[in-house]
Amino acid sequence: MDVSLVSRVLWQRRVLRGRERWSGAELAAHQRREEARLREFAVTRSPFYRRFHEGLEHAPLGELPVLTKATLMDNFDQISTDPALRLAGLQAYLERPDAGPKFGSRYWVAATSGSSGRKAVIPSTAAEWSAVIASYGRASEWTGWPLGEIVTRLNALRPDVVVAYASMVRALAAEQAAGRLRISPRAVNSSSEVLTPEARMMAERAWQVPPFNVYAATETGGIAAECRYHHGMHLFEDLVIPEVVDDAYRPVPAGTPGTRLLVTVLASRTIPLIRYEMTDRLVLATGPNPCMLPFRLAGAVEGRTDDALVLPAARGGSIGIHPVVFHKVLDLLDAAGWQVRQEGTLLRLRCGYWPSTRYPPAPRASGRWSSPSRSLAGCRGMPAVIRVR
Ligand SMILES: [Zn+2]
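Going left to right, the sequence shown walks through residues 4 to 392 as our numbering numbers them.
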């Protein structure tokens, strides 16, 4: 256990708590100051950003070019503000089975799974890493209960707080309904995947508590979370500057879903992330903020634009089917998990079942089928292969 890191995180958490009482004007001033510091640091210390932002040093953030994951990984060595930090070295470190906790005794290294394309690698100094951990801590704290341990033997430990991927929340809810899991958590945190209304309903039925949605990414740390009033996710605007945009990177007004989210991570220095592109679909809430937090509200993340299936449309051309369409139906199945794969013009559905699962029938299940069939109605004769195992 790294004592100095723990004390840094505790200190950061105190700082973050103080910001939760800021006025809108205080938050805006903080964002302006931190954005200026980050941009100044990036063009001074990173050879890539010197060129990338050349002539735009005083332009508004929204006029700067977008940093995609591909650009980030293609130019990693030039983006890095530490000349000793090279991608090849980091990748070799990640592949070593006996690698210590830190790279070069200085950097904590986070790597994405590569599930949505290319793998991203982000090294962080103690200051940056503690900011990331504190951002996750904030999300847990907003549940109103201290962070519990995540363990496999939940029945033995009877946790107060469960923190899990949305699909795991759903699976645990089904286990609870089947009577095999007997826990009564006072808070359930769901992160990293789409928490659909159906999965939320299953969790509420299992534990009589609404799950808390948390939105975070490996590259950026925590981005948003629900407060205890569950009126949407508050963006961590003291830590990141989020921009909801469309496919052409044009800003999208509140109330309209964007197809991409650009994230500027204010504390990023080793690998400055300025307008970093995430292919997540997010919608900013309209109307006034109903609670005391100064942070804007966003609706649930509807999943990644990358994940949409592109099918031939009945009228020619193609039609994009968002995964949320499948969630609406397949989350109601009595299954441990499911997967829809597109194989050319074939859709293959795979379901996994636990032995002797009994799950109470979901209310209004039949009504919910209408939604995907409407969405899929525009598609030309799709032979659907369903294989159950
Ligand atoms: Zn709130």
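Here a beta-carbon is modelled for each residue, glycine too, at the ideal position from N, C-alpha and C. No experiment lies behind these values; they were computed from the predicted model shown.
Among all residues, which have a Cβ less than 6 Å from at least one non-hydrogen atom of ligand 1, and in what chain order do they fall?
Cys230, Tyr232, His234, His237, Cys294, Leu296
Can you give me the C-alpha to C-alpha distance between His56 and Gln211, rounded to a whole angstrom?
Numbered from its first residue, the sequence shown carries residue 56 at position 53. Numbered from its first residue, the sequence shown carries residue 211 at position 208. Distance between the alpha carbons of His56 and Gln211 is about 51 Å.
Inter-stretch contact at 8 Å, needing at least 3 Cβ pairs: the stretch 276-296 / the stretch 242-255:
yes
Cβ-Cβ distance between Tyr218 and Met204 below 8 Å:
Walking along the sequence shown from the start, residue 218 turns up at place 215. Walking along the sequence shown from the start, residue 204 turns up at place 201. No; because the gap between Cβ atoms is not below 8 Å, this pair is not in contact.
Let me check one thing: in DSSP terms, what residues is Phe190 bridge-paired to?
Locating residue 190 in the sequence shown gives position 187, counting from the first residue. Checking the sequence shown, residue 190 turns out to be Ala, not Phe. Its beta-bridge partners are Val164.
Please determine if the stretch 157-173 and the stretch 183-194 are in contact, where contact requires at least 3 C-beta pairs separated by less than 8 Å.
yes
In terms of DSSP beta bridges, what is Met281 paired with?
Your numbering for residue 281 matches position 278 in the sequence shown. Looking at the DSSP assignment, Met281 forms a beta bridge with Leu264.
Near Gln34, what residues of its chain come up, given a Cβ to Cβ distance below 7 Å and the 5 sequence neighbours on each side ignored?
Here residue 34 refers to the residue found at position 31 of the sequence shown. Excluding positions up to five away in sequence, the list reads Glu240, Ile244.
The alpha helix (DSSP H) with Ile82 in it runs from where to where?
For the purposes of this step, residue 82 is taken as residue 79 along the sequence shown, with counting starting at 1. Ile82 -> alpha helix (DSSP H) spans 79-82.
Own chain, CB closer than 7 Å to Leu93, minus 5 neighbours either side, in chain order:
Along the sequence shown, one-based indexing puts residue 93 at 90. Only Phe106, Val112, Val124, Pro126 meet the Cβ criterion.
Using only alpha-carbon positions, find the residue among Arg231, Ile277, Gly103, Glu229 that is nearest to Ser49.
In the sequence shown, residue 49 corresponds to position 46, counting from 1. Taking only the C-alpha atoms, the option nearest Ser49 is Ile277.
Leu13: buried (16+ other C-beta within 10 angstroms of its C-beta) or exposed?
Sequence index remark: in the sequence shown, residue 13 carries index 10 (1-based). With fewer than 16 other Cβ atoms within 10 Å, it is exposed.
Can you name the residues that DSSP bridges to Leu287?
For the purposes of this step, residue 287 is taken as the residue at position 284 of the sequence shown. Ala301, per the DSSP bridge assignment.
Kindly indicate which three-state DSSP category Arg36 falls into: helix, strand or coil?
Position 33 of the sequence shown, counted from the first residue, corresponds to residue 36. Arg36: helix per DSSP, three-state reduction.
Taking buried to mean at least 16 other C-beta atoms within 10 Å of its own C-beta, is Arg17 buried or exposed?
Here the question's residue 17 lines up with position 14 in the sequence shown. The residue is exposed, with fewer than 16 neighbouring Cβ atoms inside 10 Å.
Suppose you measure from the CA of Leu184 to the CA of Ala176; what does that come to, to the nearest Å?
Taking the sequence shown and counting its residues from 1, the one referred to as residue 184 is at position 181. Taking the sequence shown and counting its residues from 1, the one referred to as residue 176 is at position 173. Approximately 8 Å between the Cα atoms of the pair.
Hey, Arg272 and Thr84 are a contact pair by Cβ (cut 8 Å); roughly how many whole angstroms apart?
Counting from one through the sequence shown, the residue named residue 272 turns up at place 269. Counting from one through the sequence shown, the residue named residue 84 turns up at place 81. Correct: roughly 6 Å between the Cβ atoms.
I'd like the span of the beta strand (DSSP E) that includes Val112, first residue to last.
The residue labelled residue 112 in the question sits at position 109 within the sequence shown. Note, Val112: beta strand (DSSP E), 111-114.
Going by other Cβ atoms of all chains shown within 10 Å of its Cβ, with 16 needed for buried, is Tyr232 buried or exposed?
Locating residue 232 in the sequence shown gives position 229, where the first residue counts as 1. Classification of Tyr232: exposed, given that the 10 Å Cβ count is below 16.
For Glu60 and Glu38, what's the separation of their Cα atoms in angstroms?
Walking along the sequence shown from the start, residue 60 turns up at place 57. Walking along the sequence shown from the start, residue 38 turns up at place 35. Taking the straight line from one Cα to the other gives about 12 Å.
Going by the beta-carbon positions, is the gap between Ser138 and Leu41 smaller than 8 Å?
As a first step, residue 138 must be located in the sequence shown, where it is residue number 135. As a first step, residue 41 must be located in the sequence shown, where it is residue number 38. No.
Tell me the DSSP secondary structure of Val6 in three-state form.
What you label residue 6 is simply residue 3 of the sequence shown in a count that begins at 1. Helix.
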